[in-house]
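Taking this note's numbering, the leading residue of the sequence shown gets 2, the next gets one more, and so forth.
No residue lacks a Cβ here, since even glycine has one placed at the ideal position from N, Cα and C.
For reference, the structure is listed below as structure tokens.
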Amino acid sequence: MSNEEKYDLIVIGAGAAGIIAAGTAANKGAKVLVLEKMRSAGRKMLISGKGRCNITNDSYTSNHFKQHHPKSKYLKNAFNSFFKEDILKILDSQNVEYKTERGDRVFPVSDKSKDVLDALLRWGIYKKVKLETHSDVKKIITKGNKVQGVEYEQEGRRKQVFADSVIIATGGKSYPL
2 MSNEEKYDLI VIGAGAAGII AAGTAANKGA KVLVLEKMRS AGRKMLISGK GRCNITNDSY
62 TSNHFKQHHP KSKYLKNAFN SFFKEDILKI LDSQNVEYKT ERGDRVFPVS DKSKDVLDAL
122 LRWGIYKKVK LETHSDVKKI ITKGNKVQGV EYEQEGRRKQ VFADSVIIAT GGKSYPL
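What follows is the structure, encoded as structure tokens:
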């Protein structure tokens, strides 16, 4: 990768949030690079729901937080931008069937988290987005108060790549991988 490469968006992290963010931008015409520290995308998704992938909760509607948590204004933009209906639309577009179980938990009919991961990768990454694995981001490059790109390490080599925007979607550290 040369220092001359320029993207509209760099997404750090290739979990569910990173894949969906990258896919959404790419589907709107953006040139997107995803940098994933691990050897493959979506590894934590593969263990979610005991390997079945608890996709969402069917009891929440778009208005749930407005009705039950009116003081949670900080959640408003996130839930007005993307909610359960949106993830289910993505899965529908990739022919992934799902079911609702006890506690309104939604799982793929196959009970295989890999089916959900593969569907998200088909929808959001393959053919539209450049995915670099084994890429440990070390620094966000800024000039003044503006993001310019990122510096990362891949197979012992430091690299820089540039973009107008960066999304950090690195998830939590709830499971050691």
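Its chain contains 9, 10, 11 and 148 as the residues whose beta carbon lies nearer than 8 angstroms to that of residue 166, once the 5 sequence neighbours on both sides are disregarded; these appear in chain order. DSSP places residue 28 within a helical segment (H, G or I) once states are collapsed to three. For residue 49, the closest of 90, 113 and 95 by C-alpha to C-alpha distance is 113. For residue 163, DSSP records a beta bridge to 7 and 150.
Looking only at 29, 101, 103 and 120, the smallest Cα-Cα distance to residue 43 is reached by 120. With contacts defined as CB atoms closer than 7 angstroms, residue 124 and residue 19 fail to qualify as a contacting pair.
With fewer than 16 other Cβ atoms inside 10 Å of its own Cβ, residue 143 counts as exposed. With a 10 Å radius around the Cβ and a threshold of 16 neighbouring Cβ atoms, residue 127 comes out exposed. With contacts defined by Cβ atoms closer than 7 angstroms, residue 27 and residue 33 form a contacting pair.
Rounded to the nearest whole angstrom, the CA to CA distance from residue 90 to residue 108 is 14 angstroms. The three-state reading of DSSP puts residue 13 in strand, counting E and B together. For residue 136, the secondary structure class from DSSP, reduced to helix, strand or coil, is strand. Annotation for residue 90: the continuous alpha helix (DSSP H) segment containing it runs 85-94. Residue burial annotation: residue 16 is buried, with at least 16 other C-beta atoms found within 10 angstroms of its C-beta. The C-beta distance from residue 118 to residue 39 rounds to 13 angstroms, too long to fall under 8 angstroms, and the pair is not in contact.
Within its own chain, the residues whose Cβ lies closer than 6 angstroms to the Cβ of residue 59, once the five positions on either side in sequence are excluded, are 101, 105 and 107, listed in chain order.
Between residue 88 and residue 57, the gap from beta carbon to beta carbon is short of 7 angstroms. Comparing C-alpha distances from residue 52 to each of 140, 30, 6 and 111 shows the shortest one belongs to 111. A direct Cα-Cα distance of roughly 10 angstroms separates residue 139 from residue 160.
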